[in-house]
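One structure below.
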Amino acid sequence: MQHAETTGIIVAAQGNLMTVQFDGIVRQNEVVFVASQGRKLKGEVIEISGNEAKVQVFEPTRGVKLGDKVEFDKDLLTVELGPGLLTEVFDGLQNPLEKIAAQAGYFLPIGLYLPPIDRENKWDFTPSAKAGDIVERAYFLGSVPEGKIDHKIMVPFTFVGKGTVVSVAEKGSYTVDNVIATIKDEEGKVHDVTMIQHWPAKFPLRFGQRKLPTEQLVTACRIIDGPFAVAKGGTFATPGPFGAGKTVLQHQISKYADIEVVIVVACGERAGEVVEILKEFPELDDPKGGKLMDRTSIICNTSSMPVAARESSVYVGVTLAEYYRQMGVDTLMLADSTSRWAQALREMSGRLEEIPGEEAFPAYLASRIAELYERAGVLELADGSQGSLTIGGAVSPAGGNFEEPVTLNTLSVVGCFLGLSRARSDARRFPAIDPLISWSKYSDRFYENGDDIIKWRIDQIKIAQKFITESDEIGKKMSVVGEEGISMIDMVTYLKGEFYDACFLQQNAFDTVDSATMMDRQNEQLTLVMNILNKKFSFADRDIARSYFLDLTDKFIQWHYTPHKTDLYNEKKSEIKNLIEGA
Ligand code: ADP
Ligand code: MG
């Protein structure tokens with residue numbers, strides 16, 4: 381039976397927060413439309429008491445008056461799912477920005493909503509289920525090719541209990557609205573299935589068995605893949621001060637990580653930054669062929685967009701990523717930066733006059749952050765295949781001070797901390813991930829489950845990392861007592877640490893070859909690095925030691941810039957070997 385329409389009127393307004401008196405039934409997080417000046421502005425119910433609801437409107441609310449009418453939609457804020465999400469740029473409410481711009485011109489109009497997924501485009505459907513099959517929600521019925529992804533068409537996630545497939549469409553070309561299957565539920569009711577689904581953004585989309593992430597996500601970035609490894613289906617955070625290289629690092633990871641689908645949530649620091657992303661991203665080539673955008677979807681917001689849209693963008697992004705994981709795909713969701721999202725939470729909480737916690741963030745900040753990263757993970761699906769969702773969040777604390785609520789709460793839930801430091805970016809030691817403060821909880825797990833090469837690698841890295849801490853201490857001592865004040869042995873340890881830093885941990889994101897280093901090449905590099913770190917040198921004096929390591933470092937970096945497995949590559953490698961043996 382259809383509910384009577386619930387309607388209400390605005391009785392108070394404060395910024396984008398409206399108090400609405402209503403008649404009927406209203407649900408928390410229900411979508412509403414405020415009718416104002418012939419437009420309908422979308423919003424969400426965020427608090428209900430008695431017959432009054434607090435409504436956060438996603439659009440600028442200029443011109444909204446007391447007494448304006450409000451319609452309650454009965455649906456929660458949902459994300460539209462289906463083929464055609466990749467290559468798209470959405471805002472935090474999943475409006476397709478390019479299509480809106482094409483329809484409306486330069487300025488994004490208020491209150492214009494277009495469906496996120498194209499209704500006319502046709503997709504080549506190949507069935508995999510057949511009449512009589514017993515299915516449950518999220519079971520595969522068939523698939524369509526979407527770029528390089530085998531996009532599975534699934535039994536609706538809202539389907540309850542076991543169902544019997546009555547019919548499946550033949551192989552052929554269909555729009556997302558065409559019925560491609562019919563399924564009978566346990567009560568005998570037959571449901572039409574199309575390629576489109578909807579899911580409430582704030583609820584995890586996860587059907588299957590959760591597995592512990594045990595496989596390494598190779599990012600092609602040495603300092604990550606070496607000492608601070610990330611797991612497929614794991615989580616990591618990259619806090620850092622402004623300009624330390626968080627965004628460059630995220631772009632590197634989205635480009636080179638061993639991942640099939642990337643969802644980028646750009647909660648812009650400033651409007652210009654989002655424009656840069658929209659201009660740059662579509663240009664980027666995918667190292668696996670084609671354009672990076674073909675397997676990417678971007679959700680973007682600037683800090684000038686209304687607070688609720690900024691808050692929801694992260695949830696829209698993670699839901700899209702979960703959707704692809706549900707097909708057995710390895711996905712990655714990157715949020716840049718989660719500090720903007722946390723600020724949106726703070727603004728909303730402030731307007732609701734909630735009791736503030738630390739630094740005026742709401743008391744539930746910790747649980748919101750935990751809930752978000754909790755949505756990452758490896759999932760075993762009904763057909764035995766696996767999908768994964770890795771979540772990486774940039775954090776931009778004011779002044780780069782990590783002792784603040786967003787950074788601290790993030791670090792207490794993620795599996796890997798890649799802390800960018802001002803000191804390193806000022807010294808142009810990129811990526812500016814600080815090896816003295818960063819950590820990963822995944823390496824031990826890879827060690828337990830890994831093969832001989834993985835174990836060798838982790839053991840070597842542990843030895844190498846000791847040189848970083850030792851050379852840091854010696855360096856500090858040197859800055860007090862001078863080079864003459866330390867022993868020759870300490871001097872060599874210091875130079876070895878600096879060498880390992882320069883030739884393994886640092887990597888040039890702007891050199892076409894060095895920007896991405898695959899695992900086999902990384903292992904070759906590590907072997908030579910270890911030869912040097914383990915060698916007992918006997919230099920006549922400090923100057924000779926210094927110039928030896930300078931030469932070595934230079935040759936190593938030249939080697940990094942040569943394409944793998946070419947003659948020149950082998951030549952440079954032999955030169956370095958000779959230099960090591962000759963010393
Ligand atoms: P953030 O997002 O932390 O504010 P960005 O990612 O925008 O910082 O980086 C700021 C600048 O630092 C870049 O424009 C670039 O010049 C430099 N940079 C960052 N990462 C690297 C890198 N890996 N290699 C070389 N330069 C880098
Ligand atoms: Mg940035």
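To convert, count from 1 in the sequence shown and add 380; that's our numbering.
Cβ atoms here follow ideal geometry from the backbone N, Cα and C, with glycine treated the same way.
So Q938 is in the alpha helix (DSSP H); what residue range does that whole segment cover?
R922 to H940
Restricting to Cα atoms, I'd like to know which of E427, Q401, G447 and N431 is closest to Q417.
G447
Report yes if the C-beta distance between G670 and A812 is below 7 Å; otherwise report no.
No, Cβ-Cβ distance for G670 and A812 is not below 7 Å.
Can you tell me where the beta strand (DSSP E) holding D572 begins and where it ends?
V570 to V573
Closer than 7 Å by C-beta to N829: which residues in its own chain qualify, once you throw out the five before and the five after it? Chain order, please.
T594
Could you check where the beta strand (DSSP E) with Y554 kicks off and where it finishes?
It spans G552 to Y554 - the beta strand (DSSP E) in which Y554 sits, taken as one unbroken run.
By Cβ distance, which residues of its chain are closer than 6 Å to G795, with the 5 residues on each side in sequence left out?
Spatial neighbours of G795 in its own chain (CB-CB distance under 6 Å, excluding positions within 5 residues in sequence) are listed in chain order as G614, T615, K821 and Y822.
For D881 and R802, which I take to be in contact (beta-carbon distance under 8 Å), what is that distance rounded to the nearest angstrom?
Not quite, the Cβ-Cβ distance comes to about 17 Å (not below 8 Å), so this is no contact.
Tell me whether N958 sits in a helix, a strand or coil according to DSSP, three-state version.
helix
From the DSSP output, in three-state form, read off D565 for me.
coil
With DSSP as the reference, please indicate the residues paired to P742 in a beta bridge.
P736
Just how far apart, CA to CA, sit S570 and P536?
The question names Ser, but residue 570 in the sequence shown is Val. A straight line joining the alpha-carbon of V570 with that of P536 spans about 13 Å.
Within 6 Å: the Cβ of P495 and any heavy atom of the ligand ADP?
Between the ligand ADP and the CB of P495, the shortest heavy atom gap is not smaller than 6 Å.
Three or more C-beta pairs closer than 8 Å, one from the region 721–731 and one from the region 619–637: is that the case here?
no
So, for T544: in the same chain, excluding its five sequence neighbours on each side, which residues have a beta-carbon less than 8 Å away from its beta-carbon?
G512, D513, I514, V515, I563 and K564
With which residues is G862 paired in a DSSP beta bridge?
DSSP, once it has assigned bridges, lists no residue as partnering G862.
Whose C-beta lies closer than 8 Å to the C-beta of V556 among residues of the same chain, with five residues either side of it excluded?
Cβ neighbours of V556 beyond the five flanking positions: G462, P463, G464, I497, D498, R499, N501, W503, T574, M575 and I576.
Pick out whichever of F917, Y827, A896 and I426 has its Cα sitting closest to the Cα of D666.
A896
Alpha carbon to alpha carbon, what distance is there between I841 and R602?
11 Å
When the Cα of N558 is compared with those of H578, Q845 and V548, which residue comes out closest?
The candidate whose alpha carbon is nearest that of N558 is V548.
Measure the alpha-carbon distance for E764 versus D891 and round it to whole angstroms.
Note on residue identity: the sequence assigns Gly, not Glu, to residue 764. Those two C-alpha atoms are separated by around 41 Å.
Would you say the beta carbon of K564 comes nearer than 6 Å to a heavy atom of the ligand MG?
no
Would you list the one or two residues that DSSP bridges to N681?
C647
Under 6 Å from any heavy atom of the ligand ADP, does the C-beta of P742 make it?
No; taking the cut-off as 6 Å, the Cβ of P742 has no heavy atom of the ligand ADP nearer than that.
Are there three or more Cβ pairs, one per stretch, closer than 8 Å when the region 682–696 is compared with the region 579–598?
With a cut-off of 8 Å, the region 579–598 and the region 682–696 count as touching, because enough Cβ pairs lie within range.
Rounded to a whole number of angstroms, what is the C-alpha to C-alpha distance between A415 and N431?
19 Å
Could you check if E424 is buried or exposed, using at least 16 other CB atoms within 10 Å of its CB as the buried criterion?
buried
Measuring alpha carbon to alpha carbon, tell me which residue in R804, E754 and R675 is nearest R972.
With the chain running from 381 to 963 in the structure shown, residue 972 is simply not present.
Quick check on DSSP: helix, strand or coil for D947?
helix
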